[in-house]
Amino acid sequence: MNNLAKQGLASAITLILAIVLYVDSFNLPPAAASLPRALAWIIIVLSMAMFAEAWYKERKKAKVNQETKEPIRIIRVLVFTSMIILYVALIKPLGYFLVTPLFLIVGMAYLKATRLWKAVLIALGFTLFCYFLFVMFLHLPIPMGLFS
1 MNNLAKQGLA SAITLILAIV LYVDSFNLPP AAASLPRALA WIIIVLSMAM FAEAWYKERK
61 KAKVNQETKE PIRIIRVLVF TSMIILYVAL IKPLGYFLVT PLFLIVGMAY LKATRLWKAV
121 LIALGFTLFC YFLFVMFLHL PIPMGLFS
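If you use full-length UniProt numbering, the sequence shown corresponds to residues 1 to 148, in order.
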């Protein structure tokens with residue numbers, strides 16, 4: 001699978017998720033719906049930009065040289081997909097603020113995206129940011145699970 005196909009697939013998935021987020025925002029009170037709608041539009045624009053950038057780079061690369069093909073690691077994809085499904089399933093019973101940092105740390109470690117200490121800092125920083133933004137500032141309900 002070439003880079004354009006990978007980026008196109010990722011763009012399509014994020015575009016679908018952004019549309020789902022936008023449609024789901026109609027279930028929220030009007031005051032709380034503006035942020036998810038704005039984020040959905042930002043995600044839509046960024047996913048289209050990601051595809052356009054990949055298309056441009058692919059055209060440029062095709063002129064320069066032939067691309068070496070990399071095999072898809074199906075097991076790696078399936079394991080990460082099941083991690084996402086488990087994350088979504090555990091948010092309500094265990095709580096967003098417990099499951100999210102664990103998922104981020106384990107996910108980054110599994111994908112070898114960064115060193116463990118950086119993954120911990122990113123996960124804790126992101127979780128604190130979400131807490132202050134959604135709970136303290138916007139007063140939105142977040143699944144607290146064990147912390148409720």
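Glycine is no exception: its CB is placed at the ideal position from the N, C-alpha and C atoms. Model, not experiment: these values are computed from the prediction.
Residue i burial status per 10 Å Cβ neighbour count (16 or more: buried)
{"i": "Ile19", "result": "exposed"}
{"i": "Val99", "result": "buried"}
{"i": "Ala49", "result": "exposed"}
{"i": "Leu104", "result": "buried"}
{"i": "Ala54", "result": "buried"}
Delimiting residues of the alpha helix (DSSP H) encompassing residue i
{"i": "Asn3", "result": "Asn3 to Asp24"}
{"i": "Tyr110", "result": "Tyr96 to Leu111"}
{"i": "Thr127", "result": "Leu116 to Cys130"}
Contact check, residue i vs residue j, beta carbons under 8 Å
{"i": "Ser47", "j": "Pro36", "result": "no"}
{"i": "residue 184", "j": "Ile44", "result": "Summary: the structure shown does not reach residue 184, with the chain confined to residues 1 through 148, and so no result is reported for it."}
{"i": "Phe80", "j": "Tyr131", "result": "no"}
{"i": "Leu124", "j": "Pro143", "result": "no"}
Three-way DSSP call (helix, strand, coil) for residue i in this model
{"i": "Leu28", "result": "coil"}
{"i": "Ser148", "result": "coil"}
{"i": "Leu140", "result": "coil"}
{"i": "Pro71", "result": "coil"}
{"i": "Phe134", "result": "helix"}
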